[in-house]
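Asker:
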Amino acid sequence: MKFPSLRQVWFQLHWFFGITAGTVLIVIGLSGAVLSFREEIIDAINPHGRHVPVQEAAVLTPPQLLEAVRQAWPQRQVGTLALFAEPGAAARVIFAPRQGERRGDTVYHDPYTGAALPPLMGAEFFEWVEALHRWLLLPREPGRVATGVLAIGLLFLSLSGLYLRWPRRPLDWRAWLTFDTALEGRSFLWGLHSVMGTCALLMYVVFTASGIYWAFDAVRDRVDAMAGQPRAAVAQQPRSAAPRMRNMPRDDAAAVDVAPAWAVFERRARETGGWSEVILRVPSGAAPSVLFTWLDAAPAHERARNRMTVRLPGGEVAQDERHAAKPAGGLFLAAIYPLHMGTYFGLPGRIAMMLAALMLPVFSVTGWLLYLDRRRKKREARAGRAALATVARPHDGDVAATERVLVAFASQSGTAEGIAMRSAAALESAGLPVTVASMARLDPAQLRDHGRLLVVASSFGDGGPPDAARRFAQRLAQAGGETLSHLRYGLLALGDRHYERFCGFGHALDHALVAAGAQSLFPMVEVDKGDAGALALWRQRLHALGGARPDAEGAGPDELLAEAAPFAACVLSSRRLLNPGSVGHPLYDIELVAQQGGLPLWKPGALAELRLGPGLASRRYSVASVHADGRIRLLVRQVRHASGLGLVSGWLTEQAPLAARVELRLLANPGFEPVDDERPCIFIGNGSGYAGLRGHLLARMAVGRRRNWLCFGERQRAHDAFFAQEIDRWQARGDLERVDLAFSRDQPERVYVQDRLREASAEPRRWIGEGAVIYVCGSLQGMASGVDAVLEEVLGRAGLDELAMQGRYRRDVY
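If you use the working numbering, the sequence shown corresponds to residues 1 to 814, in order.
1) Is the separation between the beta-carbon of leucine 291 and that of serine 276 shorter than 8 angstroms?
2) Considering Cα atoms alone, identify which of His133, Leu803, Ala227 is closest to arginine 326.
3) How about leucine 592 and valine 571: are their beta carbons less than 8 angstroms apart?
4) With three or more beta-carbon pairs closer than 8 angstroms as the criterion, would you say the region 484-500 touches the region 442-456?
5) Going by DSSP, what residues sit across from tyrosine 588 in a beta bridge?
6) For aspartate 334, which residues in the same chain have their Cβ closer than 6 angstroms to its Cβ, ignoring the five residues on either side in sequence?
7) If you pair each beta-carbon of the region 189-196 with each one of the region 744-758, do three or more pairs fall below 8 angstroms?
8) For glutamate 403, name the three-state secondary structure that DSSP assigns.
9) Just to confirm, are arginine 843 and alanine 218 a CB contact at a threshold of 8 angstroms?
10) Does the Cβ-Cβ distance between leucine 136 and phenylalanine 17 come in under 8 angstroms?
11) When the distance is taken between beta carbons, is glycine 799 closer than 8 angstroms to glycine 685?
12) Could you have a look at arginine 393 and say whether DSSP puts it in helix, strand or coil?
13) In chain order, what residues of the same chain lie with their CB nearer than 6 angstroms to the CB of alanine 72, ignoring the 5 residues before and after it?
14) Between the Cα of alanine 416 and those of Gln596, Pro465, Ser31, Val514, spot the shortest distance and give me the residue it belongs to.
15) Quick one: is aspartate 558 buried, meaning 16 or more other Cβ sit within 10 Å of its Cβ, or exposed?
16) Between Met701, Arg404, Leu535, which lies nearest to alanine 628 when the distance is taken from Cα to Cα?
17) Just to confirm the assignment: which complete beta strand (DSSP E) runs, minimum length 3, are found wholly within the region 275-357?
18) In this structure, does DSSP put leucine 454 in helix, strand or coil?
19) Report buried or exposed for alanine 356, applying the criterion of at least 16 other Cβ atoms within 10 angstroms of its Cβ.
20) With three or more C-beta pairs closer than 8 angstroms as the rule, is the region 723-738 touching the region 645-663?
21) Helix, strand or coil, according to DSSP, for threonine 113 in the structure here?
22) Glycine 104 lies in the alpha helix (DSSP H); which residues open and close that run?
23) May I ask which residues mark the beginning and end of the beta strand (DSSP E) holding glutamate 714?
24) How many angstroms separate the CA atom of valine 317 from the CA atom of methionine 308?
25) Evaluate valine 34 with the Cβ neighbour count: other Cβ atoms within 10 Å of its Cβ, from every protein chain shown; 16 or more gives buried, anything less gives exposed.
26) With distance defined between alpha-carbon atoms, name the residue in Ser785, Thr113, Thr147 nearest to alanine 57.
27) For alanine 772, which option in Leu710, Ile26, Val753, Gly734 has the closest C-alpha, if you only look at C-alpha atoms?
28) Within a Cβ cutoff of 6 angstroms, which residues of the same chain sit near serine 459, ignoring the five residues on either side of it in sequence?
29) So, at 8 angstroms on beta carbons, what are the nonlocal neighbours of leucine 138 in its own chain, with the 5 sequence-adjacent residues on each side left out?
30) Name the residue from Arg797, His719, Arg707 whose alpha carbon lies nearest to the alpha carbon of tyrosine 163.
31) I think tyrosine 809 touches leucine 780, with their Cβ atoms under 8 angstroms apart; what is that distance to the nearest whole Å?
32) Using three-state DSSP, classify histidine 14 as helix, strand or coil.
33) Go through the region 108-172 residue by residue and report every complete run of the beta strand (DSSP E) that reaches 3 residues or more, in order.
34) Helix, strand or coil for asparagine 247? Go by DSSP, reduced to three states.
35) Do leucine 698 and valine 583 have their C-beta atoms closer together than 8 angstroms?
36) For arginine 766 and valine 787, I'd like the C-alpha separation in whole angstroms.
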């Protein structure tokens, strides 16, 4: 049983919380942003609602204002009176709540005349927004618990996002705050999502920590106790320690004169620099007192409040608590709300918090788009795997395996796989039940359950098996005897006569099947680089097997070999020598752009087949760019023969003028395709093989997959390190977890990629144990064979074959 890595677990939890809580967090974010500048918005809507023209006359004293209020509202009890030192600022009166109300109405009065001002437009809307933000319009207690749970979710999303994008070089600001804005689609969304998350991280920690504090009494009691300000202790203080502030019958309240208390407060406030805002709790009771809650003339923030209690009628000060004199715990608790709103840091802090709140909808939308894209790609991958597993029709499910034709393929670049699928379709059209399987998923013992076998096998390198077919070939060679005497088989072998062992793997399979007792249906068909005559012969064999005439309607040789779109016209837009002064052959960076229209979509690892004109040779090169780049980028090594430059490489690197026309088509490379998940990847290569690795790295980095290890080799650092700046930039951003470079000619003893891999032998074992996929791109002789030997040392031959069978050892070598 394979267990996910810690990073995979965090990733799964991150997107799960994101898509479940994300929609509600949009509401929290938008409402919080609206509340950030509530006072300014209300004042803009009501130009004279809380401010009146400044007059030369003195403002009314609190006793005068209270008398004016009582005359204007004879049936209402005054709870608090707020005064502001700013000239022209209206006095605010909050009445005692009526029966069943949580809080009373608020009315503003002219500070010069005491006249009531018109009700504020928009005030009720902002009260509704506040209830939405704090309680989601639910009853108060369940509502604050719900918002507290959302705060915990946002805190988890913030911290897990930080973990998932932690760069290798965390002190480099570019790794945190930059991404390529020229990217498109998923890549752009991921870059935007991650960079915005980094920018807003600190604000979200403040948002969520303060939200959790207010939402859960247990948390708040614990924090208050740690700050030295336990709420329980305050609640249990003797009644004499704090004045009773119950509202008394209106007649008694009207008789209380607050003038002595106001005089004492003004004198003491002036002694310490004055005040900017003061709230009087209107007294009541047989021995009334006035509680003043006030801010200094230049307060640290809007919750830096002082408290003073003055007894009436004598004016004795019973309490004088100054904010600046509070212990550190008290200062911290008072700062929680200003930190939450951003006002602790003035206007810049408010703007920052508002922008962070507005980012929540962006996170939710980009997160959903990334999630849906990921689901779509998984569905496509499942459909592709299902298509590879079988092409049998649903109504053929009851056909016995022995009656089916098993079509097996061994493919490195995907050509054999494509021919096998189309061959199976041709047989099905003739009415034969068919099962298609890759040799990577086959065991020779399974052949005993089938009566007929058709094999499409590519040879890899100098006549060897494709990586995924190694284990099958070894086990078949060991079978021997008459274990497959019931089996009838046909074999199509793909190869290149330039190699000494032409169709070597096909011949090895043929011999092994015969040795195991299988009987040939027809002589092996050999195909030299897509030879049409050989494919036509294979088509005839298929029709004979299906009982149809050779000229019956069906797939012809071209259709059997079809593997890509037709050639399209491109132009040579750029050419740059990458290794001037190198002892090796010149290596060029070639860029091609579509002549008309856009380029078709391709996956990392794809190949570009170039054809220079009618009858000229074609060549295939690994694509070094991704589709978002909008161009085809190739790394072309200039080949020299005794007779001169290579035909295609010489034309591309030296002879062709810029803007020359090139015929090109993109080919899928199934054996070298990317993995669409969070597994770590090890990229190994040399020389022009950097092209095949680069496409994979760019695609993974664009979606935030940073568990990448690059092991790469060239000749001399001084002349061949064309990739150095790019790799340094990726490392600085944290997109490459590990880099090992080998420059073979920079020291007396030659050091190659396989040597670097051997030096770190414990690391490949650890990465592979965590599910890593290995990609190898570059020269077959020397590099690829050396890497293969080192991996065999690390994993054992059986372990390496198992890795290839699982599709975790992917090579594009030449």
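Even for Gly, the Cβ is constructed at its ideal location relative to N, Cα and C. Small disclaimer: the values here were computed from a predicted structure and weren't measured.
Answerer: Put simply:
1) No. Outside cutoff.
2) Before going further, note that residue 326 is lysine rather than arginine in the sequence given. Among His133, Leu803, Ala227, the Cα nearest to that of lysine 326 is on Ala227.
3) Their beta carbons are under 8 angstroms apart, which means leucine 592 touches valine 571 by this criterion.
4) They touch, by the three-pair rule.
5) Tyrosine 588 pairs with Leu577, Val636.
6) The identity of residue 334 in the sequence shown is alanine, whereas the question assumes aspartate. Short of 6 angstroms from the beta carbon of alanine 334, and not among the five residues preceding or following it, lie these beta carbons of its own chain, in chain order: Arg303.
7) Touching, no, given that fewer than three Cβ pairs across the two stretches are closer than 8 angstroms.
8) Correct three-state label for glutamate 403: helix.
9) Here the chain covers residues 1 to 814 and nothing more, so residue 843 does not appear.
10) Contact: no.
11) At a Cβ-Cβ threshold of 8 angstroms, glycine 685 and glycine 799 do not count as neighbours.
12) Residue confidence is low: arginine 393 scores 38 on pLDDT, short of 50, so the model does not pin down where it sits. No coordinate-derived value is stated.
13) So the list reads Ala116, once near-sequence residues are dropped.
14) Alanine 416 has its Cα closest to that of Pro465, out of Gln596, Pro465, Ser31, Val514.
15) Note that aspartate 558 scores 47 on pLDDT, short of 50, meaning its location in the model is unreliable and no value can be drawn from it.
16) For the residues Met701, Arg404, Leu535, the minimum Cα distance to alanine 628 belongs to Met701.
17) As far as the region 275-357 is concerned, its whole beta strand (DSSP E) runs of at least 3 residues are 275-281, 289-296, 305-311, 317-321.
18) Correct three-state label for leucine 454: strand.
19) A residue is called buried once 16 or more other Cβ atoms fall within 10 Å of its Cβ, and alanine 356 is buried on that count.
20) As far as the Cβ criterion goes, the region 645-663 does not touch the region 723-738, which means the pair count is below three.
21) In the structure shown, threonine 113 adopts coil according to DSSP, grouped into three states.
22) Run containing glycine 104: none; DSSP gives neither H nor E here.
23) Note, glutamate 714: beta strand (DSSP E), 708-714.
24) Spanning the two alpha carbons is a distance of roughly 7 angstroms.
25) Here valine 34 is buried. Its C-beta has 16 or more other C-beta atoms within 10 Å.
26) When only C-alpha atoms are compared, the closest one is Thr113.
27) Ranked by Cα distance from alanine 772, the first of Leu710, Ile26, Val753, Gly734 is Leu710.
28) The residues Gly495, Cys503, Gly504, Phe505, in chain order, have a CB closer than 6 angstroms to that of serine 459 in the same chain once the five nearest residues on each side in sequence are set aside.
29) Cβ within range, chain order: Ala146.
30) In this structure, Arg707 is the residue among Arg797, His719, Arg707 with its C-alpha nearest to the C-alpha of tyrosine 163.
31) Your pair tyrosine 809 and leucine 780 does not check out as a contact, with CB atoms roughly 15 angstroms apart and the cut at 8 angstroms.
32) The answer is helix: DSSP assigns histidine 14 an H, G or I state.
33) Complete beta strand (DSSP E) runs here, min 3: none at all.
34) Below a pLDDT of 50, predicted positions are generally treated as unreliable, and asparagine 247, at 41, falls in that range; the measurement from the model is reported next regardless. Looking at asparagine 247 - three-state DSSP - the assignment turns out to be coil, as it is neither helix nor strand.
35) No, Cβ-Cβ distance for leucine 698 and valine 583 is not below 8 angstroms.
36) Spanning the two alpha carbons is a distance of roughly 17 angstroms.
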